[in-house]
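K.L.:
Quick one: the structure is below, questions incoming.
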Amino acid sequence: MADDRVAMDIAQLVAEHHQVVYRYAYRLTGSVPDAEDLTQQVFLTAQERLSQLRREESARGWLMAILRNYFLKMRQKRRPIPAENLGLDIQTVPAQAPDEADIDRERLQAALDELPTKFRLVLTMFYYEGCSYREIADRLDLPIGTVMSRLARAKGHLRAKLFRREGGRAANPQQSPITHGG
Amino acid sequence: MPDQPIEDPRIWELIEACRPASDDLEDPLLAPLAEQLAANPELADLFERLRHLDASLAEAFRDVPLPEGLEGRITTRLAAVRNGRSAAGEEQPASQAPAVEPVAEAAAPGRRFSRRWLLAGGAVVAVAASVVLAVVAPGKARPVLDRDDVLEAAKADFDRWIARGELPDGGQAQGDYPLSRDVRPLAVPQVPRRSIGNFLGCQGVAYHLSLGQSGAPRATLYVLRASVPGLGSLPPSKPASETGGRSVAAWQTDDLLYVLVVAGGRRSYQSFLVRPTVA
Numbered sequence: 064m065a066d067d068r069v070a071m072d073i074a075q076l077v078a079e080h081h082q083v084v085y086r087y088a089y090r091l092t093g094s095v096p097d098a099e100d101l102t103q104q105v106f107l108t109a110q111e112r113l114s115q116l117r118r119e120e121s122a123r124g125w126l127m128a129i130l131r132n133y134f135l136k137m138r139q140k141r142r143p144i145p146a147e148n149l150g151l152d153i154q155t156v157p158a159q160a161p162d163e164a165d166i167d168r169e170r171l172q173a174a175l176d177e178l179p180t181k182f183r184l185v186l187t188m189f190y191y192e193g194c195s196y197r198e199i200a201d202r203l204d205l206p207i208g209t210v211m212s213r214l215a216r217a218k219g220h221l222r223a224k225l226f227r228r229e230g231g232r233a234a235n236p237q238q239s240p241i242t243h244g245g
Numbered sequence: 406m407p408d409q410p411i412e413d414p415r416i417w418e419l420i421e422a423c424r425p426a427s428d429d430l431e432d433p434l435l436a437p438l439a440e441q442l443a444a445n446p447e448l449a450d451l452f453e454r455l456r457h458l459d460a461s462l463a464e465a466f467r468d469v470p471l472p473e474g475l476e477g478r479i480t481t482r483l484a485a486v487r488n489g490r491s492a493a494g495e496e497q498p499a500s501q502a503p504a505v506e507p508v509a510e511a512a513a514p515g516r517r518f519s520r521r522w523l524l525a526g527g528a529v530v531a532v533a534a535s536v537v538l539a540v541v542a543p544g545k546a547r548p549v550l551d552r553d554d555v556l557e558a559a560k561a562d563f564d565r566w567i568a569r570g571e572l573p574d575g576g577q578a579q580g581d582y583p584l585s586r587d588v589r590p591l592a593v594p595q596v597p598r599r600s601i602g603n604f605l606g607c608q609g610v611a612y613h614l615s616l617g618q619s620g621a622p623r624a625t626l627y628v629l630r631a632s633v634p635g636l637g638s639l640p641p642s643k644p645a646s647e648t649g650g651r652s653v654a655a656w657q658t659d660d661l662l663y664v665l666v667v668a669g670g671r672r673s674y675q676s677f678l679v680r681p682t683v684a
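These protein sequences, in sequence, are chains B and L.
Per the working numbering, residue 64 is the first one in the first sequence, and the count goes up by one each step.
Per the working numbering, residue 406 is the first one in the second sequence, and the count goes up by one each step.
Dropping the structure here:
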């Protein structure tokens, strides 16, 4: 009977959360098969450890934590762009922020795929999970300064890939009132 | 309109740390940013543009089409694993599940990996493991690490010890983890050192170096039994990373991986090298 109860609970968990888990997995892996594999692994682990889940409202965060851990363990060894090439660049901010519908999804994923794993994870936690820099630091056990640095550089890379035109400046550029001193 | 430089590049990082539609600016750590925004309308305009852009990007991040039949495939596989376990009458884990608690990037993949191997067991796995080890590191089973991870982990460890404001006890250089001949100070009998039980899953020794003069930069040399693909055998003349007031570089010999973290910039880093040998 106990097994039946678990089966019902895990089915509920899958029904309610498989979409958000898969989408997160896709943003991290950049591949449909990898994202599905990762999603399946997340729910297999959830099934094994369902007794750890104390409160239903914690389920999403719990599944995300499982997913992040799997992703970090299984991260691809494909060499992304070197981390030192990710700079702070204010010129990547377009003069007029585009609407969500105007953002090219393929370019978005391509830009994500280029990032080293640790930058991609921080960026996805910020945009997809809506985590604050403090939450990211806490969940990844990183210093706050490291999170801020990675976040700033990863966001700059993303914008450069999405909005920068030939010539190296943001699309529809406007003379920025600020330049980066460093 | 003349450019108005941000005096402190940290302000830019604070701007990027703010989430759209949030009260992040009330965070005390972001108070310097709030002050700058109040005093600089152009900066405030840029800040708002970025928040708008971030809101759009967050929406785009969540817009991922779902493959057809995904939920069905997940539940089918879960049921198959449950039924298989029941049929086998054992509680063998269905997946090689990692720990659910947050994992630090400097966590020990090697240690977890070993535990997984133990769980998996079996002759086939053992044979496969021996083949893999033979291919990866003929004759020496050293963990293979990612260069960026090594640099980050060393820098984080260095910062933790700087924050403590203390040094470990001095002692002779350990035979298994000797000081590098390419790093100063050479042949110092009592270099403060400590053993490291888990550096990205590796063991090693950290030597806390100082050049002796008052106000001289401090450094830590990490000597680890690990390897990093593609890393050179001599310390580079320029650090591989210069961020947050730290310069970090790594090199390796046949047996050991060396990571040098120096408080300061390139010149401070170079002051610890016997000779900058690799451009």
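Quick reminder that beta carbons are idealized off the backbone N, C-alpha and C, glycines included.
Is there contact between the stretch 202-211 of chain B and the stretch 437-456 of chain L, where contact requires at least three CB pairs shorter than 8 Å?
P.N.:
no
K.L.:
Who are the near neighbours of Leu614 of chain L in its chain, counting only those whose CB is closer than 8 Å to its CB and skipping five residues on each side?
P.N.:
Position 209 of the second sequence, counting from 1, holds the residue named residue 614 of chain L. Hits under 8 Å: Val588, Arg589, Pro590, Val596, Arg623, Ala624, Thr625, Leu626 and Phe677.
K.L.:
Leaving out the 5 sequence neighbours to the left and right, which residues in its chain are closer than 7 Å to Thr209 of chain B when beta-carbon positions are compared?
P.N.:
Taking the first residue of the first sequence as 1, we reach residue 209 of chain B at position 146. Taken in chain order, the list of residues that qualify is empty.
K.L.:
Residues of chain L with a CB under 8 Å from the CB of Gly193 of chain B: which are they?
P.N.:
In the first sequence, counting from the first residue as 1, residue 193 of chain B sits at position 130. Near Gly193 of chain B (Cβ distances below 8 Å), the residues of chain L are Arg424 and Ala463.
K.L.:
Give me the subset of the stretch 475-487 of chain L whose CB atoms are less than 7 Å from a CB atom of chain B, sorted by chain position.
P.N.:
Leu475, Glu476, Ile479, Thr480, Arg482, Leu483, Val486 and Arg487
K.L.:
So, does the stretch 184-202 of chain B touch the stretch 103-119 of chain B, judging by three or more C-beta pairs under 8 Å?
P.N.:
no
K.L.:
Kindly say whether Leu101 of chain B, judged by its beta-carbon, lies nearer than 9 Å to any beta-carbon of chain L.
P.N.:
The sequence position of residue 101 of chain B within the first sequence is 38, counting from 1. No, Leu101 of chain B lies away from the interface with chain L (no Cβ there is under 9 Å from its Cβ).
K.L.:
Cβ of Ile479 of chain L within 9 Å of Cβ of His220 of chain B?
P.N.:
The residue you call residue 479 of chain L lines up with position 74 of the second sequence. The residue you call residue 220 of chain B lines up with position 157 of the first sequence. Going by C-beta atoms, Ile479 of chain L is not nearer than 9 Å to His220 of chain B.
K.L.:
Measuring only between beta-carbons, confirm whether Gly669 of chain L sits less than 9 Å from chain B.
P.N.:
As a working mapping, residue 669 of chain L is identified with position 264 in the second sequence. Not closer than 9 Å to any Cβ of chain B, the Cβ of Gly669 of chain L fails to qualify, so no.
K.L.:
Quick one: what does DSSP say Phe677 of chain L is sitting in, helix, strand or coil?
P.N.:
By 1-based counting over the second sequence, the position of residue 677 of chain L is 272. In this structure, Phe677 of chain L counts as coil in the three-state DSSP scheme.
K.L.:
Less than 9 Å between CB atoms is the rule here; does Leu178 of chain B satisfy it with respect to chain L?
P.N.:
The count along the first sequence starts at 1 and reaches residue 178 of chain B at position 115. Cβ-Cβ to chain L under 9 Å: no for Leu178 of chain B.
K.L.:
Are the stretch 645-659 of chain L and the stretch 555-574 of chain L touching by the rule of at least three beta carbon pairs closer than 8 Å?
P.N.:
Verdict: yes, contact present.
K.L.:
Among the candidates L:Ser585, L:Val633, L:Leu419 and L:Thr648, whose CA atom is the shortest distance from the CA of Arg680 of chain L?
P.N.:
Numbered from 1 along the second sequence, position 275 holds the residue referred to as residue 680 of chain L. For Arg680 of chain L, the nearest C-alpha among the options comes from L:Ser585.
K.L.:
Could you list which residues in chain B have their beta carbon closer than 7 Å to that of Leu455 of chain L, in chain order?
P.N.:
As a first step, residue 455 of chain L must be located in the second sequence, where it is residue number 50. Ordered by position in chain B, the residues that pass the 7 Å Cβ test against Leu455 of chain L are Val156.
K.L.:
Please name the residue or residues paired with Ile601 of chain L in a DSSP beta bridge.
P.N.:
Your numbering for residue 601 of chain L matches position 196 in the second sequence. Assignment of beta-bridge partners to Ile601 of chain L by DSSP yields L:Gly609.
K.L.:
So what does Leu689 of chain L bridge to, in DSSP terms?
P.N.:
Residue numbering for chain L in the displayed model covers 406 to 684; residue 689 of chain L lies beyond these limits and cannot be assessed.
K.L.:
Are Phe452 of chain L and Ile420 of chain L closer than 9 Å when you measure CB to CB?
P.N.:
One-based indexing of the second sequence puts residue 452 of chain L at position 47. One-based indexing of the second sequence puts residue 420 of chain L at position 15. Yes, they are a contact pair.
K.L.:
Can you tell me which of the three DSSP states Ala78 of chain B falls into?
P.N.:
Here residue 78 of chain B is taken as the residue at index 15 of the first sequence, counted from 1. It is helical.
K.L.:
Can you find the residues in the same chain that come closer than 8 Å, C-beta to C-beta, to Thr108 of chain B, ignoring five residues on each side of it along the sequence?
P.N.:
As a working note, residue 108 of chain B is residue 45 in the first sequence. Closer than 8 Å at Cβ, skipping near neighbours: Ile129 and Tyr133.
K.L.:
Flag this pair as yes or no: are the beta carbons of Gln123 of chain B and Met188 of chain B separated by less than 9 Å?
P.N.:
Working through the first sequence from its first residue, we reach residue 123 of chain B at position 60. Working through the first sequence from its first residue, we reach residue 188 of chain B at position 125. For the record, residue 123 of chain B in the displayed sequence is Arg; it is not Gln. No, they are not a contact pair.
K.L.:
Can you confirm whether Leu661 of chain L, when its beta carbon is compared against all beta carbons of chain B, has any partner nearer than 9 Å?
P.N.:
Position 256 of the second sequence, counted from the start, is the residue given in the question as residue 661 of chain L. It does not; no Cβ of chain B falls within 9 Å.
K.L.:
With H, G and I counted as helix, E and B as strand and the rest as coil, what does DSSP make of Ala655 of chain L?
P.N.:
As a working note, residue 655 of chain L is residue 250 in the second sequence. Three-state DSSP puts Ala655 of chain L in a strand.
K.L.:
DSSP three-state call for Arg227 of chain B: helix, strand or coil?
P.N.:
One-based indexing of the first sequence puts residue 227 of chain B at position 164. In this structure, Arg227 of chain B counts as strand in the three-state DSSP scheme.
K.L.:
Using three-state DSSP, classify Glu431 of chain L as helix, strand or coil.
P.N.:
In the second sequence, residue 431 of chain L corresponds to position 26, counting from 1. In this structure, Glu431 of chain L counts as helix in the three-state DSSP scheme.
K.L.:
Listing by chain order, which chain B residues have their CB less than 8 Å from the CB of Asp564 of chain L?
P.N.:
Numbered from its first residue, the second sequence carries residue 564 of chain L at position 159. Those within 8 Å of Asp564 of chain L in chain B are Pro206.
K.L.:
Mind checking which residues open and close the alpha helix (DSSP H) that includes Ser461 of chain L?
P.N.:
Here residue 461 of chain L refers to the residue found at position 56 when the second sequence is read from its first residue. Pro446 to Arg467 is the span of the alpha helix (DSSP H), which, as asked, contains Ser461 of chain L.
K.L.:
Is DSSP giving Pro641 of chain L helix, strand or coil here?
P.N.:
Along the second sequence, one-based indexing puts residue 641 of chain L at 236. Note: Pro641 of chain L maps to strand in three-state DSSP.
K.L.:
Hey, how far is the Cα of Leu572 of chain L from the Cα of Ala436 of chain L?
P.N.:
Sequence index remark: in the second sequence, residue 572 of chain L carries index 167 (1-based). Sequence index remark: in the second sequence, residue 436 of chain L carries index 31 (1-based). If I take the Cα positions, the gap works out to 33 Å.
K.L.:
Tell me the rounded alpha-carbon separation between Met127 of chain B and Met137 of chain B.
P.N.:
By one-based count along the first sequence, residue 127 of chain B stands at place 64. By one-based count along the first sequence, residue 137 of chain B stands at place 74. Spanning the two alpha carbons is a distance of roughly 15 Å.
K.L.:
Rounded to the nearest angstrom, what separates Thr658 of chain L and Ile601 of chain L at their Cα positions?
P.N.:
Here residue 658 of chain L is taken as the residue at index 253 of the second sequence, counted from 1. Here residue 601 of chain L is taken as the residue at index 196 of the second sequence, counted from 1. Rounded to the nearest angstrom, the gap between the Cα atoms of Thr658 of chain L and Ile601 of chain L is 19 Å.
K.L.:
When DSSP labels each residue in this structure, what does Ala502 of chain L get in the three-state scheme?
P.N.:
The residue labelled residue 502 of chain L in the question sits at position 97 within the second sequence. Any reading at Ala502 of chain L is ruled out, since the residue's pLDDT is 49, under 50, leaving its predicted position unreliable.
K.L.:
Please name the residues in the stretch 91-116 of chain B whose beta-carbon is closer than 7 Å to at least one beta-carbon of chain L, in chain order.
P.N.:
Val95, Glu99, Thr102, Gln103, Gln104, Phe106, Leu107, Thr108, Gln110, Glu111, Arg112 and Gln115
K.L.:
Return helix, strand or coil for Glu647 of chain L, following the three-state DSSP convention.
P.N.:
On the second sequence, position 242 is the one that residue 647 of chain L refers to. DSSP places Glu647 of chain L in strand when its eight states are reduced to three.
K.L.:
If we ignore side chains and look at the alpha-carbon of each, how far apart do Val84 of chain B and Pro446 of chain L end up?
P.N.:
One-based indexing of the first sequence puts residue 84 of chain B at position 21. One-based indexing of the second sequence puts residue 446 of chain L at position 41. C-alpha separation (whole angstroms): 40 Å.
K.L.:
Arg183 of chain B and Leu91 of chain B look like a contact to me (Cβ under 8 Å); what is the Cβ gap, rounded to whole Å?
P.N.:
Sequence index remark: in the first sequence, residue 183 of chain B carries index 120 (1-based). Sequence index remark: in the first sequence, residue 91 of chain B carries index 28 (1-based). Contact holds; Cβ gap of about 6 Å.
K.L.:
Starting from Gln103 of chain B and walking both ways along the alpha helix (DSSP H), at which residues does that stretch end?
P.N.:
Walking along the first sequence from the start, residue 103 of chain B turns up at place 40. Looking at the DSSP string, the run of the alpha helix (DSSP H) that includes Gln103 of chain B is Val95 to Glu111.
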